[in-house]
Amino acid sequence: MCNGHHRSLFRGSISPNQTSVPENGGDASVVDNLRGRLAETESRLAQVRAREAALSRLLEEMKRLVSVMEILENYLKRRYSDRQEYVVRLLAPVSRK
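So for the sequence shown, the UniProt record's numbering puts the first residue at 1; every next one is plus one.
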């Protein structure tokens, strides 16, 4: 983008020559070209939206899985702690009064 050269951020963007209407009545081809590019852009947008929806569903699924895993982890920690206490009580010498 140095020295006055500008590159388009989008593939297939309109160049200055494409925006002017030809004097010989060829404006139908320009309009057709633009319609075709608009249809292609809308198609890509639909694909991107579908991918976004699929990824959003996957993210929600993963969040539920993480939640279940956290519940299981807490349960197992509590169970382990209870078992440890039980073993300590079993192995502790019986106190005589």
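Backbone N, C-alpha and C fix where the C-beta goes; we use that ideal spot for every residue, glycine too. Everything numeric in this text was worked out from a predicted model, so none of it was measured.
Under the three-state DSSP convention, the category residue i falls into
i, result
"A46", "helix"
"G26", "coil"
"A92", "coil"
Between the CA atoms of residue j and residue i - distance to the nearest angstrom
i, j, result
"Q84", "A53", "46 Å"
"Y86", "S56", "45 Å"
"N74", "L58", "24 Å"
"S88", "R78", "Note that residue 88 corresponds to Val in the displayed sequence, not to Ser. Straight-line Cα distance between these residues: approximately 15 Å."
"R49", "I71", "33 Å"
"E61", "R44", "26 Å"
Residue i classed as buried or exposed, judged by whether at least 16 other C-beta atoms fall within 10 angstroms
i, result
"Y80", "exposed"
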